[in-house]
Every structure is written in C-alpha cells, then in structure tokens.
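Here this note's numbering is used: the first residue of the sequence shown is 1124, the next is one more, and so on. Where a beta carbon is used, it is the ideal one built from N, C-alpha and C, also for glycine. Predicted model only: the values in this text are computed from it and were never measured.
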Amino acid sequence: MFVDSHCHLNFPELAADLDGVISRMRSADVGRALCVSVSMESLGQVLEIAERLDDVWASAGVHPDHTEGEDPSIERLEALLAHPRVIATGETGLDYYRLTGDLEWQRERFRTHIRAARKTGKPLIIHTRAAAEDTLRIMREEGAEAVGGVMHCFTETWETASAAIDLGFMISFSGILTFKNAVNLREVARKVPEDRLLIETDAPYLAPVPHRGRTNEPSYVRFVAEELGRVRSLAAEAVAEITTANFFRLFRLAR
C-alpha cells in the first residue's frame, strides 16, 4: 500500500472530479491520503472530505503564502486540531521566494503553529522555500523537535535535510524527484535514512514524469515511489512498505 502524505483534494482541479480521483487512488493501491489545509477559509472543505472518506485525513493550518483571511491564534488552532479527523498541524513554515518585504508576520505565524502543535501533539507539516536558515532557526527556538513532523515537498540541500532530521523530522519527496534537472535532489534522497522517508504528490501540482504538466492526483504517488526506489536501488513495493510504516509512525491517529 502507498500513502500520499500531502495533497489538496479540496482544490478546484481535484474537487470537480473528487469521486473519480478517489476511485483512481484506490485502484492504484494508495490506501491513505492526507488532505492538507492552506487557509482557515477553506478548512471546512478539507474537513468535509476527511469526514466523508475513511481513507482521507486532514490537517489544520495556514500556508505561509496566504496573505488574506484569518490568521489564527494558538487557541484557535488548538480548537481546530482537536477535530478527530485532523492528524497534523499546517501546512506552515516560511516562503521567501514568492513574497518580499517585511515578512515578520510570516515568522510569527510559523511560531504560532509550532506552539499549537506542541500543545496538541499534532505533528507539523513544514513548507520552506528560499528560507531554510530562518525555518530551522525558528524550529529550534520554538522546540519543534518536541512534536516532530515532516519537511514537505523537499527541495533543499542535504545540509538542510540533515538539520531537520536531527530535530526529529521526516523528509518527504514529491514528483519533483522525477524531473530531469533534479540531480541534486536525487542525491539528497539517496542519503536520507530509511526511517525518515515519506512520499507525496502535493496534488494538484507537480505531477511526476510521465504525467508532468498535467493535473496531479494521489494515484500518481506510485511514480514518486518508483523514482525513489531507483535512486536507492529498491523496488517500488519496498518503498511503499517503508514510507507507509513511516507515515503511520508519524501520524499515529491515521491508523
């Protein structure tokens, strides 16, 4: 069984054919999917999907790029994280690639999510882009290692991966791993300890080869597993076994 540890089933590209997406997911032996929240305003959609489908779980949080709408307090996040179908906090983190100027509000939002995660015991889903140094610094300052989590859709250096692993975090690889120019990322994937590996689609984005350029969906996570297996000289089924066990160890409620 494969697990898609990060997707956005509520996004319009997938929600328009959700029954078909789920049917193809199940046919591809993808036994669990984590539908990840990016805003308070869309969280209701995420929860509705997770409440309806036994093999889909939810997270609660606000993406670092989300500049409008509710910026939740620790107490607000705590209340949302108490939902029985919510198994993770986020996605949260820092992104200096898309946004410029004074981003202290982004760093404060990240701290709020870490504090809520520590209070509830719900692991963190961390997004970092062009902000690795500050991301790791805040993780250390806020004691993120107490709750753990995953560095999702990882594209950073081995040094960043190693530092996150030292804090107890897993490293998740997406369809980017299959891209021709992802040579350095494949080298990182080769080095990550077996017990820290996860796979994801980040659907509807970043469809893996041979579907690059199309709308991504959870059934395509197999192609990520196949590439990770090629990099590490493992069969896709072995990657499935490893990453599924890691998912359930991190997100215990998803059992």
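Spatial neighbours of residue 1176 in its own chain (CB-CB distance under 6 Å, excluding positions within 5 residues in sequence) are not present.
Residue 1233 is positioned such that its CB atom lies no closer than 7 Å to that of residue 1259.
By the CB criterion at 7 Å, residue 1300 and residue 1344 fall outside the cutoff.
The three-state reading of DSSP puts residue 1204 in helix, counting H, G and I together. For residue 1214 and residue 1356, the gap between their C-alpha atoms comes out near 31 Å. Cβ-Cβ distances below 6 Å link residue 1188 to 1218, 1221 in the same chain, with the five nearest sequence neighbours on each side left out; the list follows chain order. Looking only at 1154, 1166, 1238, 1197, the smallest Cα-Cα distance to residue 1179 is reached by 1154. Beyond the five residues adjoining it in sequence on each side, residue 1235 comes within less than 6 Å, by CB distance, of 1197 in the same chain, given in chain order. Assignment of beta-bridge partners to residue 1144 by DSSP yields no partner. Here residue 1277 carries a coil assignment [DSSP, helix/strand/coil].
Ranked by Cα distance from residue 1229, the first of 1201, 1191, 1303 is 1191.
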